[in-house]
Structures are given as structure tokens and as C-alpha cells.
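The structure under discussion appears below in the form of C-alpha cells.
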Amino acid sequence: MNAIEDYVKKQEEICRKNDTIAPRLYDEYGVNCGLRDENGKGVLTGLTNISKIVSSKIIDGEKIPCDGELWYRGYRVEKLIGELGPEEMGFEKIAYLLLMGELPGKEQEEEFRQYIGNARALPTNFTRDVIMKAPTEDIMSSMTKSILTLASYDPNAKDTSISNSLRQCIQLISQFPLLAVYGYNAFNHYEKNASMFIHHPDPELSTAENILMMMRPEKTFSKVEAKVLDTALILHMEHGGGNNSTFTTRVVTSSGSDTYSTMAAAMCSLKGPKHGGANIKVMEMMQDIREHVSDYSDKEEVSAYLEKIVDKEAFDHKGLIYGMGHAVYSLSDPREKVFKKYVDELAKEKGREKDLLLYENIEEAAPKIIGEKRRIFKGVSPNVDFYSGFVYDMLGIPQELYTAMFGIARIVGWSAHRIEELICTDKIIRPAYMSVMEEK
């Protein structure tokens, strides 16, 4: 241990001694840690017209858990996806719905698609001068750096009027795929010694199609691949105003800050492993399970190893089966239920049925094991992250880009909430913390 490490280790001990607050005080003063009560219900801090999450219903005066529902602007998300054509890319159409509050007509949709396509470009030499400098495997940090730098190229960066903020949001929605893919390509070349290629986006292609095209040396992709990725992006677009990164968007917007700073802050929130980084933990867990389970079809063997994980005897010894459970949903995550159909289709195309069987056996066994071994106040079911990493793997998307894929989708929801906050509220968000320090 060098001198600096030795110094900060000593200081850590001092910090822990002086910063630790007795857990009983949180109960004594009625503090809702994480802004949620013991049943997982969030503390009400605002109103929104953008989306709705349903996990329970009141029947005869009693709160009863129900299958999860996710609504975008008054529409069930499974209905929106189900009404798309079998090969229709819906990201842009549903992005318009979330941003503007209504489904576009044919002319409006085409105009919006053209606007998105034409805005999918970066300033001259931006890729060389910004993205390729100091490449890193942390693509979320690379993207955040790029977002903040883009403000330097915008003469109206600080203008927080509705029209200008909307322009900036749509522009960033268009640019996010480039920031992610180019950021990875730079890292892959400079840090992993792979070949460098930079494909320019095609304004005629959808967001999902452009991601696959720009990511692959040969630029090719199947219709099934594009459809599955498009569906994944739609399902990750928005999830209520209370999730960590969206609440961050609201908080930073309420301070009067600009769009670039707001989206950079949301990205910093999303990259956390307790939020957007969850699908990576699922993939790490699945790899560990593959190494210790010899027969994927043997439900007893799968269950036995899952019990070891929950008992903190295996994997990362934290007792968590990643991809199981959600802060809001109990009986089911509607996104997972919609997504599963597309996962099955892609697994067949890629010849990954054996891996799919392992996922399905874990999905069946995990809720029972968690329910038996843990004190759960609500049901446990697989969430959308349980399968999203598997899908990205089948699409050949590297793990360094998993959370970035989430960001590419979720910026739509962030943008909608930023605009709603600007229109409806002119008050800085400032919750209270009670001081329990000892006066000296």
C-alpha cells in the first residue's frame, strides 16, 4: 500500500466513525429511505401526464397485487407494440407520442422520422476531436463527456424556452446512437487493438436499424434482429417519473439548468448498477450459472444452484438473483411479458434455444426460492432486464454498450419529463433532511 492509499484508508475510518447514523433514527423520525415505504410504494413528489405504472388495484377497499401495467400517454404499451406491423419499426412513432402527448398522423410521423434522420449527425470533426480522445470502456462516461461538449457547439445552449429545449431534446435523441457506437468503436480500436470503422448513419433507416448497421463492419442485419432491438428500445423508453434517472432529470430541470447538463446528469444516474447497469449483472450471473450447472434442462440442478446464490454461497455472495423483482411491479413486469415473445423468435433464429431453456427454468424457479428464503412484502417476478442482456448478446452487442442501449431509449422519456417540468412547474425541487448531529 503506497502513501496515498494508506492516508485515505485512515481517513475512511474517520469518515465512517463520524458519518454513521443509527438505523433506529430513520424509523423514529419516519424517514422513507430511497423515497419508498416498506411496501415499495414511492413517496408522492409530483404529477405527470406522460406514463403510468400499475402493480396493484383496490378491490373492496383492499389493495391487491395485479399483473403489471405500463401506460404511455394513455395507451397500454403492449397495445402500442402489438399494433405495429410485423416489420414496422416503431421507435420514432412512439417517441413522438411520448414527447408530444398524442399519436402522430401519417404525415406527422413521416415528418418526424425525417427530422430525426436529418438530425442524426454530429458537428464537423466531433468524432475525431471529442469521441476518439481519451477512449474508455465506460461508454456511459464517454457519452456524458460528449453530451456536455455538444453544448459548446450550440449557440443557444442556455436557452430553456420550450421550443429550444424541445429542439435540443430531439437532436440528442437522434445523436445518442452515434455517441454510443462511436464511443465503443474508439475504445475497441485504441484499447483492444481491433480494427477501426466509422459508418455514417443512414437517414432512411430507423434508430434500431442504424444502431445495428453502424455497429457491424459489414453493415448487415436481419429483419428479426432490427424488430427485436426496436421493441427493446420502445420498452425501455419510459417508466414513470419516479425512477432514479428520470427523477434526476426533473431535479436538474427544476434548478433552471440547460438541456445538455440535465441529460448528462440523467446519464450519470442511469449508469449505476442499481439502475441501468442491472442487465450486466444478469449476464455476469448467467455466465456463473453456466459454469456450475451441467444440464440446463434439469430443473432440480438449476434450483439447487439458485438456492446457493440466495444463501450467499455462490456468485457474488450478495444473495441476489439479478433480473428478479422490481421496485414497483409484483406479480409481473409487463415489459418482460411483451419482450419474451421477441426473445423466443430471436433465439430460434440464432440457434440459442439451449440458453433460452436455462433462462426459462430460472424464471420458473427463482420467484419460489426468493419467496421462501426472503421476507418479501410483495410478489417477485422477472423484470425486463432479465432478458435484455440475453437479447443484446444474441445481437452481438458488446457488454460495454448494454447500459448505453438503455440510455439511447430512455432519453425519450427524460426529454418528455423535462418538457413537462418546464411547462408545469416553476419551483426548484428541494426535499428536507433532518439534522441529527450533536452540537459541540
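Residue numbers (the numbering used here): 1154 to 1593. Where is the CB? At the ideal position from N, CA and C, for every residue including glycine.
Between which two residues does the beta strand (DSSP E) carrying residue i extend?
{"i": "Lys1471", "result": "That residue, Lys1471, is in no beta strand (DSSP E); it is neither H nor E in DSSP."}
Just to confirm the assignment, what range does the alpha helix (DSSP H) spanning residue i have?
{"i": "Pro1218", "result": "Run containing Pro1218: none in the alpha helix (DSSP H); it sits in the beta strand (DSSP E), 1215 to 1225."}
{"i": "Gly1395", "result": "No alpha helix (DSSP H) contains Gly1395, which DSSP labels as neither H nor E."}
{"i": "His1342", "result": "1315 to 1343"}
{"i": "Ser1541", "result": "1538 to 1547"}
{"i": "Pro1520", "result": "1506 to 1526"}
{"i": "Met1349", "result": "First-last for Met1349: undefined, no H or E at that position."}
{"i": "Lys1427", "result": "Neither: Lys1427 is in no alpha helix (DSSP H) and is coded neither H nor E."}
{"i": "Leu1382", "result": "1376 to 1389"}
{"i": "Val1230", "result": "1230 to 1235"}
{"i": "Thr1373", "result": "Taken as a continuous stretch (DSSP letters only), Thr1373 belongs to no alpha helix (DSSP H), as it is neither H nor E."}
{"i": "Thr1297", "result": "1292 to 1303"}
{"i": "Tyr1268", "result": "1259 to 1272"}
{"i": "Met1242", "result": "Run containing Met1242: none; DSSP gives neither H nor E here."}
{"i": "Ala1169", "result": "The displayed chain sequence assigns Arg, not Ala, to residue 1169. 1156 to 1172 is the span of the alpha helix (DSSP H), which, as asked, contains Arg1169."}
{"i": "Arg1563", "result": "1555 to 1577"}
{"i": "Asn1309", "result": "Neither: Asn1309 is in no alpha helix (DSSP H) and is coded neither H nor E."}
{"i": "Thr1360", "result": "1360 to 1368"}
Return yes when the Cβ of residue j is within less than 8 Å of the Cβ of residue i, no when it is not.
{"i": "Ala1304", "j": "Tyr1413", "result": "yes"}
{"i": "Ser1408", "j": "Ile1572", "result": "no"}
{"i": "Val1533", "j": "Met1587", "result": "no"}
{"i": "Cys1219", "j": "Thr1297", "result": "no"}
{"i": "Ala1569", "j": "Leu1251", "result": "yes"}
{"i": "Glu1489", "j": "Asn1432", "result": "no"}
{"i": "Arg1369", "j": "Leu1331", "result": "no"}
{"i": "Thr1402", "j": "Thr1384", "result": "no"}
{"i": "Leu1365", "j": "Leu1382", "result": "yes"}
{"i": "Ala1417", "j": "Ile1326", "result": "no"}
{"i": "Gly1472", "j": "Lys1465", "result": "yes"}
{"i": "Met1221", "j": "Val1207", "result": "For the sequence presented, residue 1221 should be read as Gly rather than Met. In this structure, Val1207 lies closer than 8 Å to Gly1221 by Cβ."}
{"i": "Ser1398", "j": "Arg1583", "result": "no"}
{"i": "Phe1492", "j": "Leu1388", "result": "yes"}
{"i": "Val1455", "j": "Ile1522", "result": "no"}
{"i": "Ala1518", "j": "Met1547", "result": "no"}
{"i": "Val1463", "j": "Lys1526", "result": "yes"}
{"i": "His1445", "j": "Tyr1458", "result": "yes"}
{"i": "Asp1538", "j": "Val1435", "result": "yes"}
{"i": "Glu1498", "j": "Val1377", "result": "yes"}
{"i": "Ala1361", "j": "Met1242", "result": "yes"}
{"i": "Leu1256", "j": "Gln1328", "result": "no"}
{"i": "Trp1567", "j": "Ala1467", "result": "no"}
State buried or exposed for residue i, treating a residue as buried only when at least 16 other CB atoms are found within 10 Å of its CB.
{"i": "His1392", "result": "buried"}
{"i": "Arg1266", "result": "buried"}
{"i": "Thr1277", "result": "exposed"}
{"i": "Asp1486", "result": "buried"}
{"i": "Asn1202", "result": "exposed"}
{"i": "Met1367", "result": "buried"}
{"i": "Asn1363", "result": "buried"}
{"i": "Ser1541", "result": "buried"}
{"i": "Val1196", "result": "exposed"}
{"i": "Leu1423", "result": "buried"}
{"i": "Cys1577", "result": "exposed"}
{"i": "Gly1270", "result": "buried"}
{"i": "Leu1178", "result": "exposed"}
{"i": "Lys1372", "result": "exposed"}
{"i": "Ser1318", "result": "buried"}
{"i": "Val1405", "result": "buried"}
{"i": "Lys1246", "result": "buried"}
{"i": "Leu1200", "result": "exposed"}
{"i": "Glu1166", "result": "exposed"}
{"i": "Met1438", "result": "buried"}
{"i": "Ser1447", "result": "exposed"}
{"i": "Cys1322", "result": "buried"}
{"i": "Glu1553", "result": "buried"}
Measure the beta-carbon distance from residue i to residue j and round it to whole angstroms, keeping in mind my assumption that it falls under 8 Å.
{"i": "Glu1502", "j": "Ser1375", "result": "7 Å"}
{"i": "Gly1254", "j": "Arg1226", "result": "6 Å"}
{"i": "Thr1198", "j": "Leu1575", "result": "At roughly 17 Å, the Cβ-Cβ gap does not stay under 8 Å, so Thr1198 and Leu1575 are not in contact."}
{"i": "Ala1339", "j": "Ile1284", "result": "6 Å"}
{"i": "Ala1585", "j": "Ala1333", "result": "The pair is not a contact, with the Cβ atoms about 37 Å apart (cut-off 8 Å)."}
{"i": "Tyr1335", "j": "Ile1351", "result": "6 Å"}
{"i": "Ser1450", "j": "Leu1509", "result": "The pair is not a contact, with the Cβ atoms about 11 Å apart (cut-off 8 Å)."}
{"i": "Met1293", "j": "Gly1560", "result": "7 Å"}
{"i": "Ser1483", "j": "Ser1209", "result": "7 Å"}
{"i": "Val1496", "j": "Val1544", "result": "6 Å"}
{"i": "Glu1344", "j": "Glu1290", "result": "7 Å"}
Using a threshold of 7 Å, is the CB atom of residue i nearer than that to any non-hydrogen atom of the ligand SAM?
{"i": "Lys1298", "result": "The ligand SAM is not part of the structure shown, which contains no ligands of any sort."}
Uninterrupted alpha helix (DSSP H) stretches inside the segment 1181 to 1212 (no shorter than 4 residues):
Counting only runs of at least 4 residues, the segment 1181 to 1212 fully encloses no alpha helix (DSSP H) element at all.
Please go through the segment 1434 to 1494 and give each complete beta strand (DSSP E) segment of 3 or more residues, from N-terminal end onward.
The qualifying runs do not exist here; there are none.
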